[in-house]
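Notes to accompany the following structure.
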Amino acid sequence: MTASPSASAQDEKINWVASLPFIGVHLMCLFVFYTGVRPVDVAVCVGLYVFRMWGITAGFHRYFSHRAFKAGRGFQFFMALAGTLAVQKGPLWWAAHHRHHHRYSDQEQDIHSPLQKGFWWSHVSWILCDKYGETRYDSIKDYARFPELVWLNKLHALPGLLLAVALYFLGGFSMLVWGFFVSTTLLYHGTFTINSLSHVFGKRRYKTTDTSRNNWLLALITLGEGWHNNHHYYQNTANQGWFWWEVDLSYYSLKALSWVGLVKDLRTPSEQVKMAYLKYSPEERAALNAPMRTSWFAPVAARKKAAEQKMKAAEERVREALAAAADSLPSSAPTPQALLKRQ
Ligand SMILES: [Zn+2]
Ligand SMILES: [Zn+2]
1 MTASPSASAQ DEKINWVASL PFIGVHLMCL FVFYTGVRPV DVAVCVGLYV
51 FRMWGITAGF HRYFSHRAFK AGRGFQFFMA LAGTLAVQKG PLWWAAHHRH
101 HHRYSDQEQD IHSPLQKGFW WSHVSWILCD KYGETRYDSI KDYARFPELV
151 WLNKLHALPG LLLAVALYFL GGFSMLVWGF FVSTTLLYHG TFTINSLSHV
201 FGKRRYKTTD TSRNNWLLAL ITLGEGWHNN HHYYQNTANQ GWFWWEVDLS
251 YYSLKALSWV GLVKDLRTPS EQVKMAYLKY SPEERAALNA PMRTSWFAPV
301 AARKKAAEQK MKAAEERVRE ALAAAADSLP SSAPTPQALL KRQ
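Following full-length UniProt numbering, the numbering of the sequence shown begins with 1 at its first residue and continues without gaps.
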């Protein structure tokens, strides 16, 4: 069954009750004013940010979403667990939605396109509505055959919860606040910048059908994911920084892990792929970096479309009511349409 436009708009409304834990994680950060700054807590905050960001970038993104390298079943589970500790749902949910993003990037069906639905939608709102809460198992059949991953995907909140409890017992309330709440909040927004900012700010080297950009600052805070135009141009590579100056910490770590045999067959782009942009004409290059118009909230076009859909649905309801009224009248009576015409 296909959902009616109004039902789908309803699903895209923010579910504030279900979003309470997410909002709560943010609010708990305010306790830093109460706990103060203890170096050990800040170190744990940074360490857990880097480790869990690695779980998202090397694990959820490059391995599970794009199959950019190979790993044994044990290390595969380790990467899944590292990413799940970031409290951004499970590996199968994450990777399936990300595959959908690449399939439809910046088109109408794209789940989190700033071009289609505005900056805030692409950054965070899409996660807070009910529509995208379920795992799209049909898009991730290749990894859904591992029962331990399905289990982790279902119990995705548990590892984060256990981490929070462990931090509390290890270092008290201040370590809980810094190591879990502050670190997790930074991690949320660090990751989300790739859906939002890296489709808005930065340089486009390659022609792609979307608005993806390369941005060195985003690459630093996301361990290499900010080379997003490279990535959208050629998705299945273990490295996203393709030139020596494009710092990509996730790839360096994967390279080191390949030396000890924990991962193998890291896919990298051919010279032909990397250098494809040299064939572009100066006009094509200028067009690639033409300023882009986006809005913080839904762009005017999207709002206009939603209003049109609403109007269409209302017209349909009036038509149905008229038809029902006509059915209940004796056949000799004039139809409601004829009465309307007489006025
Ligand atoms: Zn990707
Ligand atoms: Zn993207």
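Here a beta-carbon is modelled for each residue, glycine too, at the ideal position from N, C-alpha and C.
Next item on the list: Tell me whether W227 sits in a helix, a strand or coil according to DSSP, three-state version.
Entry: Locating residue 227 in the sequence shown gives position 227, where the first residue counts as 1. DSSP, reduced to helix, strand and coil, places W227 within a strand of the structure shown.
Check: Can you list the beta strand (DSSP E) stretches of 3 or more residues lying completely in the segment 264-290, in chain order?
Finding: Listed in chain order, there is nothing to give.
Next item on the list: Thinking G226 and N214 are a contact (beta carbons under 8 angstroms), I'd like their distance in whole angstroms, please.
Entry: In the sequence shown, the residue the question calls residue 226 occupies position 226. In the sequence shown, the residue the question calls residue 214 occupies position 214. Separation of the CB atoms of G226 and N214 is rounded to 7 angstroms, and the pair is thereby assigned contact status at 8 angstroms.
Notebook entry, point to check: S196 and F119: beta carbons closer than 9 angstroms?
Noted result: Sequence index remark: in the sequence shown, residue 196 carries index 196 (1-based). Sequence index remark: in the sequence shown, residue 119 carries index 119 (1-based). With contacts defined by Cβ atoms closer than 9 angstroms, S196 and F119 form a contacting pair.
Next item on the list: With DSSP collapsed to three states, give me the class of K13.
Entry: The residue you call residue 13 lines up with position 13 of the sequence shown. Reduced to three states, the DSSP call for K13 is coil.
Next item on the list: Assign T209 to buried or exposed, taking buried as 16 or more other Cβ atoms, counted over all protein chains shown, within 10 Å of its Cβ.
Entry: What you label residue 209 is simply residue 209 of the sequence shown in a count that begins at 1. It counts as exposed.
Notebook entry, point to check: Out of curiosity, what's the CA-to-CA distance linking H66 and N230?
Noted result: Position 66 of the sequence shown, counted from the start, is the residue given in the question as residue 66. Position 230 of the sequence shown, counted from the start, is the residue given in the question as residue 230. If I take the Cα positions, the gap works out to 14 angstroms.
Notebook entry, point to check: Count the other CB atoms within 10 Å of the CB of L340; is the residue buried (16 or more) or exposed (fewer)?
Noted result: Residue mapping note: residue 340 aligns to position 340 of the sequence shown, counting from 1. Around the beta carbon of L340, fewer than 16 other beta carbons lie within 10 angstroms, which makes this residue exposed.
Next item on the list: Let me know the alpha helix (DSSP H) ranges lying completely inside the segment 200-249, each 4 residues or longer, listed in chain order.
Entry: Counting only runs of 4 or more, we get 216-221, 228-233.
Next item on the list: Take the Cβ of Y206 as the centre, count every other Cβ of all protein chains shown within 10 Å, and call the residue buried at 16 or more, exposed below.
Entry: Translated into the one-based positions of the sequence shown, residue 206 becomes position 206. Per the 10 Å Cβ criterion, buried.
Item checked: Cβ contact check for the segment 77-90 and the segment 148-163: 3 or more pairs under 8 angstroms -> Yes, they touch.
Next item on the list: Tell me, to the nearest whole angstrom, how far the beta carbon of S139 is from that of A96; I am working on the premise that it is less than 8 angstroms.
Entry: Residue 139 sits at position 139 when you count from the first residue of the sequence shown. Residue 96 sits at position 96 when you count from the first residue of the sequence shown. With 8 angstroms as the limit, S139 and A96 qualify as a contact, their Cβ atoms being about 4 angstroms apart.
Notebook entry, point to check: Is it true that the CB of P91 sits closer than 9 angstroms to the CB of F69?
Noted result: The sequence position of residue 69 within the sequence shown is 69, counting from 1. The sequence position of residue 91 within the sequence shown is 91, counting from 1. No.
Next item on the list: Using beta-carbon positions only, say whether P269 and Y234 come within less than 9 angstroms of one another.
Entry: As a position in the sequence shown, residue 269 is number 269, starting the count at 1. As a position in the sequence shown, residue 234 is number 234, starting the count at 1. Taking 9 angstroms as the Cβ cut-off, P269 and Y234 qualify as a contacting pair.
Margin query: To the nearest angstrom, how far is the alpha carbon of W259 from that of H98?
Written below: Looking up residue 259 in the sequence shown gives position 259. Looking up residue 98 in the sequence shown gives position 98. Taking the Cα positions, W259 is about 29 angstroms away from H98.
Checklist line | Separation of G179 from A164, as counted between CA atoms | finding: Stepping through the sequence shown from its first residue, residue 164 is reached at position 164. Stepping through the sequence shown from its first residue, residue 179 is reached at position 179. One C-alpha to the other measures close to 8 angstroms.
Item checked: Residues near Q337 in its chain [Cβ-Cβ closer than 6 angstroms; skip 5 each side] -> On the sequence shown, residue 337 is found 337 positions in, with the first residue counted as 1. The beta carbon of Q337 is closer than 6 angstroms to none in its chain, skipping five residues each way along the sequence.
Note to self: Given a cut-off of 9 angstroms on the beta-carbon distance, is the pair Y49 and S183 in contact?
What the structure shows: Along the sequence shown, one-based indexing puts residue 49 at 49. Along the sequence shown, one-based indexing puts residue 183 at 183. Cβ atoms of Y49 and S183: closer than 9 angstroms.
Check: ligand 1 heavy atoms versus the CB of H26: any closer than 8 angstroms?
Finding: Reading the sequence shown from its first residue, position 26 is the one you call residue 26. Incorrect: H26 has no Cβ contact closer than 8 angstroms to ligand 1.
Notebook entry, point to check: Under three-state DSSP, which class holds K341?
Noted result: Here residue 341 refers to the residue found at position 341 when the sequence shown is read from its first residue. In the structure shown, K341 falls within a helical segment according to DSSP collapsed to helix, strand and coil.
Checklist line | C45: first and last residue of the uninterrupted alpha helix (DSSP H) it sits in | finding: For this step, residue 45 is matched to residue 45 along the sequence shown. Counted as a single uninterrupted DSSP element, the alpha helix (DSSP H) harbouring C45 occupies residues 39-54.
Note to self: Buried or exposed, going by whether 16 or more other CB atoms sit within 10 Å of the CB of V25?
What the structure shows: Numbered from its first residue, the sequence shown carries residue 25 at position 25. V25 is buried by the Cβ-count criterion.
Notebook entry, point to check: Do you know offhand how far F51's Cα is from M275's?
Noted result: What you label residue 51 is simply residue 51 of the sequence shown in a count that begins at 1. What you label residue 275 is simply residue 275 of the sequence shown in a count that begins at 1. Spanning the alpha carbons of F51 and M275 requires a straight line of approximately 32 angstroms.
Item checked: Distance between K131 and A7 (C-alpha atoms, nearest Å) -> As a working note, residue 7 is residue 7 in the sequence shown. As a working note, residue 131 is residue 131 in the sequence shown. Only weak support is given to the placement of A7: the predicted model assigns it a pLDDT of 46, under 50, and the question is left unresolved by the model.
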